[in-house]
Each structure stands twice: as C-alpha cells, then as structure tokens.
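Q:
Residue numbers (the numbering used here): 863 to 1823.
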C-alpha cells in the first residue's frame, strides 16, 4: 500500500502555494489595479470563450443560468436596484467585447440600470420559459453579459433567473455574487447605501496582469505540451465535425448512497488524496477497462483563486487541466489503490502547472492536439460537483431551481454530485458516443464507485469493468479496408467507395496531387442534400484507416471526366491556383513562414484565433465568403484555395445571370434566403421565373448565388446594407429575424418599410406566436392577441404593426402571413425538432426517456405545422389573395399522441408514453388555427403529409451539419 502523504502539503502544492516555484510554473507579483479605464486584452480563458462564440460553436452551452424560487414579500424595485448596484461594482458584468487589428479586447460599458422584466407565469409553465430565456443568445460585442427575468406565479411567489455568459463568470464567482446581491437588496429595501467595501480589483486588471506574463506562460505551456507528447484522444469517441454549432447532451443519472460518499472520502483521506482524486481514479479505471488503453488523458477544471486579491473577484478564472495518467498495462492487474496513487501523482502534476493556459498548450501541441480523425486530445472530462445554491434574499424563502439546457461542452463527462442526494452522472454528446455504450459505461462507473468505497484493496479484475471499444452508430458498419497489395473493389479508393455507398451521393472522385493532399469531389441528389462537411464527417466514421480520409469533400454539379471516364483534374474547381498565392500569403503573415500548398494548418502552429484572423483577412482581400470554421475544416492552403475558387465560381455564375435579368422589372427582395424557410421561398420564386435579390451575410453568400439570384450582402443589424438591398426592389418578402434581438428586428423592419418604393407588395412572414394564448379552440385569422406573449411573439407582433401602420401610405399592397412551426427536408429545418414543445418530445424519444402527455380529458392538444414548400406557395400568393390582411399559413394540426407515437417509431425509441396531470405546461396547446384565405396554395402536394416530412427530418440527428 502506498504510504500517505501530508494532506496539508498536498493542498498547498495543488493550489500553487509552494514557496519554491515548480519548474515551468511562471512566478509573478501581486495583481496591480489599473489607474485609468479603457480597453483591456482578454484573458486566455476569455479568449477561448470569445473564439467559440466567433466560430459559432459557443451558444447556450456557455450560458450560466442561476434560477431561484423566492417565496414571501419580494421588493421588486429593491431587487432591480441591487442588480444595478452589482453591475456598477463589478465591471465585468457590463463589459462588451470588440476586436481591432485581428485582436479581441474588452471594455466596460458605462453604468446603466439592469432591466428586470416581470412576466406572469404559472409554476407549471415556468420551466419552459426559464429554458427559453436561459438559451437566448448573447451579443458579446454589444453586451452586457448578464440579464435578468422575474416570473411572478402569485403575489408572494416568484422565480428569479439570472443568466450570465461564462466569459464573465465562473463557479468561484457565484458565492461572491450571491452574497453581494443579498447585501445590496437589503440596503435598497431599507433605503440606505450598502455597507460593502470597494472591490480591490476589476477583472480587466487580472486580464492585463495575465497578459503581461505571456512570455512566461508560453514557456509553462510548452512544458505542459511536452508532457502530453505522444498522447492520443480516447478511442471510444467518434469525431464530431468542427462545424457542428451546438452539441446536444444526454444525461444518465444513478443514485449513490451516503455511505458510498463517506467511503470515497475515507479512501481519499487514507491515501493523502481528495474525494475528487478518488472519483477521477474511478473514471480512469472505468475508461481503462472500456478501451483497453493504459495511456489516457482526461480534463478537469483548475482555478486561479489562490491569490488573496483574486478570491473575491467576479470573472472567469478557470483553466482546463489535461491530466495524463500512464496506467498499468491491460495485461497487468494492479490494486485500485495502486491506480489511485498513479492518478493522484498525475493530478498533482497538472495542478502544479495550473497557470499554463490551456489554449497555449493546444497551440504548442499543434496537430498533436487532435487525433488523425480530428477528435480533440481532450474530449473527456471528470468533475465532482455540488447542487446549485439559491440566491438567498433576506426575508424570503429561497429554493434553487435547476435549468437544464441539454448541451455538452465535451464528448463525454463523468461526474459525481455530492449533496443531500448524491448521484453518479454521465453526460455525453450522442454525435460522439452512442446511447447503448454510454449507458453501459455509466453503469460500470456507478458500480465501480460503490465497490471501491466499500473495499479499494482489490485488483481491478475483481472490480466492475467492461470492454466497450468498437461501438458504432446503430446499424453502421465501417468501410472495410482491403489487405495490403490487394486490388481495391471496383478500382476505387476507399474514400470513393465509401462515398458511393452513401445513397445520397450520385458520383464521386478523388484527386491525389503529386505534392498535395487528397481532395474528394461528389455530386448529390435527393430532397435532403448533404453538405460536403456532412459527407466528410460520415467518412471519418466509416473509414477504418484515418490516413485514407480526404482533406475535404467538395460538392459539384458534375464531376469533370476525360473520354475514358477518368477524372480530369484540369477542370476541377481550384485546379488553377488563382487563390493559392493569396492564401499562402495570409498564412505567412499570421504564422511567420510561407507554407507549402499542402501544409497542415495545425502542424504549422495554427489555432482557433488564427483561423478567425485568417478567414477575416481573406474575406476582406478577396471579397469571398469564408469563415474560421472553413479554415479549421479544410486545413491546407490548397484545400482553402479550392474552396475559394468554388465560391468564386458560384458567385460568378450568379452575377452573370443577375446581369442578364438586371433590366427586368419585378425584382423581389428576399431576406433570410439562406435559412430553411428562405430556401423554400427562393426555390418557389425561381420556379415562377421571378428575379430575386437575396439579402444574406457575406459568409453565406455562396449558398444562394445561382440562377437569377442577385446577392445583396448584409445583415439585419447593418442599416446601410438594408437600405442598399431594398433600393429598387419592386416586391419585398421579409422572412428573416434575429429571434432574440427585439430592437434589431424592429429597426430592420422600419428601414425596409421606409425604403420600399415598389408597387409589387410587401409580405412579412410572421408567427402564430403573435396570437399569444387565446381561448382554447379555433383561432380565426387575424384575431386579437391574448397575453402572455413570448418575447419572440411580441417582437413579431410589433413588426406587424410597423408594416400595417404604413399600409395606408404604401405604394403597393402589404400582407402579414402568420406561420406555425415549419417542417421540411432542408437541413436547417431539422433544428425545428430541437426547440419548444416538439423539441422536448423529440429529445425525450431520442434519449429513450419516459414521455408524459396531457390527459385526453383536458381536451385536444398538439402541434400546428406547415410544410416549407406550402408556406412558400402561400407567401408568394398572399399579395394577390389577402392584401392588407393578417392571414395564417397552416398545413395541419397533429395531436401529441400521434406525433409522439410516430417519433418513437421512427427513432426506434424505448420511450414509454403515458398521460397525466403533471405533463409539461408547454404541451397544453389547445388551439387550431383557421387558414381559409390561402387554402388553395396550402393544399398539400404529394410528399407533404406530416409523416413523410417527419421521416425526412429524423433521417439524421437534428443539429448535425
């Protein structure tokens, strides 16, 4: 048995308080306070958050919702004053994030009152409202990073929700925030100043101090990267495409007894380890058994609050620590206590270097930060957590309310929750791990914790464990590799064979340049066409040898071939290297050396910030759409040049055709053309032979450039671009919205209405949410709205009023078309399965959880829906059939019972379905919407029934790209 070490010494070393600096750990003096306000750099942790947001990979998974049920006489004015006082004291809570000269910066906005909207909501509907508010996106450039919502259930019964972006807060900040909010509330209620000392530092002071030590931190990161040399990602996980915007989370939970938790703590104390170290060792043991691996890397959180001046600082002071444990080989059979000693040493080593920023470690690792298939080295994490504490306010009874957003930061996370009801938790992203494997791993982990708490002096072979490596998507088989020297079937490269095996692919080819990477090309067909990124992601899963994975899959209308059927490289997009030199130039500017055409972005030292900078510079110089995600996916100058050439060709084709129709009258301005609804509208307009001007963001221009389409690059938040787009348009179809930025939507509507001078008409695609919650039963077209309205519904209603108020003086007819949830085969519409009431049912069926529906005795309840193609026909017909009116575009209504039964069948789900009074309030939707004015164009065509479209939407997981 390993001799225990002094626990106090362990904690001192783990918190970085040793008197003798550990080699590779940067020394530094106290954090100084800035003498003047102004822009400050981002800390390394903040920069990682900013980059995730910039790359479109952040979203609600980096939101921190703090919800508390408050019972008693709440002083709402005092609460609003307290929130304002909190942001006045801690500038980070009112900070904006801009960028200049390729570098992000932060600057506190002037103090201002914090809005505290109050909404009446019964306790039964509160959960859906809290989830929607917590998931609402932040605009980091505009700020602030904190917002509040108060739900009023009864005069003395409220739920307070504070949502904070992770870029401004961490777990160590929460006790300070709660304590000060209580003190400020008490003072405001009593009409006196709060007795709180001035904050010693602001977060910007910390960020400046950390950045001033970048040279030393870089050395520390290099040392940490060296410790990780040769490590690889956990082989249990599948790669997730870099363009996936949000990663869904499925959570497995199992209770642990109080005796088990006590046993884990006693085990740690006997071996000079914390309870977390024991949990981490159990995670390593479970994964060693699952994979057969002995060299594993897991991530855990580390903090920077050991310094006295940082302990009460609100802000992001966490760092991701990669813990590499070289465990006994699988053929060995050590005791669990021996494995615990190995893990304890590995964790202590990581904690001693906790100041080395993880983003710098990733930079130093370069291409080694990912496996050959693109899986990040650190895709698995472990933690010991505690239940959330409520935001206690004096004179009120406070109860914490859990707001689960269902999103994952890692492919796999193993957790233990230590509290009154201890739990063993496993959270996973179903795109990275299948449900059956996750369920078995969770069972092993829970049983292992229970077993070692009772007796850890046992060999691993006598503890729970199961080999799980090799699990794949249900029904999926890997593409077989031929033996060395054997002819390939049909003469195809494995990547081409795998592409051709995909029923959506009609032709495929691979180009192997003499000194360049393998580039694949494909043509696709069918109503649900995949993107090149989706096809490459499928190849990652199917190819047994990652070396056969092409650097990119490019979609073509037709693959150029010679007379003998062989690929003709001279006619491939990007084969003429017109864009290669500019791409290599920008690589050289940002990475310090001009790379070869096939140089790998990561191997050259590239990382997320450089990807964003590279895309922005190329977009500015070439005037072509490009994003940081394109850089991360394509990786080489040659592949990026090919992508740029493809987009230039698409834009050129669109520009030439636009020139041919420029003199035609009747140009239709279509906003939101790159979305799922917009794509259907664009297709319908082109089928009618109408000239279209599509307003799209620059990075999405290539999605709409084509036959008869004039691209107007812009954004709803850019007033000048809106004025340019609407100028000269005969007709406007406004189908775009921000979903979350009410002021932006209203301003955009005013600009479009004021700038429109045509006579062809103006149609606004609105939502049935503008009706609010009317009396149960049939809702007539254009009927009055009834509260409460959702923020989204209120924004739609306000935009409608702007248009209808201008109808009397408008030069042409106007119409408002209210639509329910839109279903269709377009990949952007698959995300409709993730939100609202239908989203809750879809997620439950996907995870195999029990589903509870409203009791039939309560009356009919279900979903109103419209097919995207039918909506497009209705919108284009509305000006002639419903001028000056508010009309509905509804294909039909589906009861929750029918909808759920079909979901369970399509997904092969194990969910049980029951009815009861405790069903989610969001499912109590007893309305059917009349759609008489547009009944003709709404009449379903073949393939537009709800079962067929639902089958198309569930053909691949919602949210994948």
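Beta carbons: idealized from backbone N, C-alpha and C, even for Gly.
1. Where does residue 1166 sit, in a helix, a strand or coil, going by DSSP?
2. Closest to residue 928 by C-alpha separation, out of 990, 1039, 1110 and 1576, would be which residue?
3. Between which residues of its own chain and residue 1064 is the CB-CB distance below 6 Å, once the five residues before and five after are set aside?
4. Between the region 1631-1648 and the region 1789-1805, do at least 3 Cβ pairs fall closer than 8 Å?
5. Give the straight-line distance between the Cα atoms of residue 1465 and residue 1000, rounded to the nearest whole angstrom.
6. With a 10 Å radius around its C-beta and 16 neighbouring C-beta atoms as the bar for buried, classify residue 1487 as buried or exposed.
7. Using the three-state DSSP reduction, which class does residue 1849 fall into: helix, strand or coil?
8. At the level of alpha carbons, what is the spacing between residue 1403 and residue 1101?
9. Looking at the structure shown, is residue 1330 part of a helix, part of a strand, or coil, going by DSSP?
10. Which full runs of the beta strand (DSSP E) of 3+ residues lie inside the region 1693-1729, going along the chain?
11. Taking the alpha carbon of residue 1284 as the point to measure from, which residue in 1124, 1491 and 1323 has its own alpha carbon closest?
12. Does the count of Cβ pairs from the region 1169-1180 and the region 1144-1152 closer than 8 Å reach three?
13. From residue 1815 to residue 1270, what distance separates their C-alpha atoms?
14. Name the two residues that bound the continuous beta strand (DSSP E) containing residue 1626.
15. Can you find the residues in the same chain that come closer than 8 Å, C-beta to C-beta, to residue 1119, ignoring five residues on each side of it along the sequence?
16. Could you say which of 1536, 1610, 1053 and 1113 lies nearest to residue 1305 if we only look at CA atoms?
17. Whole angstroms are fine: how far does the CA of residue 1714 sit from the CA of residue 1229?
18. For residue 1749, write down the residues that DSSP places opposite it in a beta bridge.
19. For residue 1582 and residue 1615, I'd like the C-alpha separation in whole angstroms.
20. State whether the region 1582-1591 contacts the region 1617-1626, with contact taken as three or more CB pairs (one from each stretch) at a distance under 8 Å.
21. Please list the terminal residues of the continuous beta strand (DSSP E) segment that includes residue 1225.
22. Would you say the beta carbon of residue 947 is closer than 8 Å to some non-hydrogen atom of the ligand HEM?
23. If you follow the beta strand (DSSP E) that residue 1789 is in, where does it begin and where does it stop?
24. From the DSSP secondary-structure annotation, give me the bridge partner or partners of residue 1016.
25. Quick test of your reading: residue 1222 and residue 1079, contact by CB under 8 Å. State the CB separation rounded to the nearest angstrom.
26. Buried or exposed: which applies to residue 1332, given that a residue is buried once 16 or more other Cβ atoms fall within 10 Å of its Cβ?
27. What is the rounded straight-line gap between the Cα of residue 1768 and the Cα of residue 1775?
28. Give the secondary structure of residue 1031 by DSSP, where H, G and I count as helix, E and B as strand, and everything else as coil.
29. Pick out whichever of 1443, 1372 and 1396 has its Cα sitting closest to the Cα of residue 1431.
30. Just reading off the alpha helix (DSSP H) that residue 1304 is part of, what are its end residues?
31. What are the start and end residues of each continuous beta strand (DSSP E) run of 3 or more residues lying completely inside the region 1644-1688, in chain order?
32. Is it true that the CB of residue 1043 sits closer than 9 Å to the CB of residue 1255?
33. Would the beta-carbon of residue 1468 fall within 9 Å of that of residue 1453?
34. Less than 8 Å between the CB atoms is what I'm expecting for residue 838 and residue 1216, so what's the real figure, rounded?
35. Could you name the residues that DSSP lists as bridge partners for residue 1273?
36. Check the DSSP bridge columns for residue 1550 and list the partner residues they point to.
A: According to the data block:
1. DSSP, read as helix, strand or coil, puts residue 1166 in coil.
2. 1039
3. 953
4. yes
5. 33 Å
6. Burial call: buried.
7. Residue 1849 lies beyond the range of the chain shown here (863 to 1823); nothing can be said about it.
8. 7 Å
9. coil
10. 1713-1715 and 1724-1729
11. 1124
12. no
13. Each residue's Cα considered, the two are about 22 Å apart.
14. Residue 1626: member of the beta strand (DSSP E) spanning 1623-1629, first to last residue.
15. 1284 and 1312
16. 1113
17. 47 Å
18. 1679
19. 14 Å
20. yes
21. Not the beta strand (DSSP E): residue 1225 falls in the alpha helix (DSSP H), residues 1220-1227.
22. No copy of the ligand HEM occurs in the structure displayed, which carries no ligand at all.
23. 1789-1791
24. 1019
25. Contact between residue 1222 and residue 1079 holds, with the beta-carbon distance rounding to 6 Å and staying under 8 Å.
26. Caution applies to residue 1332, whose pLDDT of 48 falls short of 50 and renders its modelled position unreliable; the value that the coordinates give is listed next. When all chains shown are included, residue 1332 counts as exposed.
27. 15 Å
28. coil
29. 1372
30. 1297-1316
31. 1676-1681 and 1683-1685
32. yes
33. yes
34. Outside the displayed range of the chain (863 to 1823) lies residue 838, so it cannot be described from this structure.
35. Per DSSP, none; premise fails for residue 1273.
36. The partner list for residue 1550 (beta bridge, DSSP) is empty, contrary to what the question assumes.
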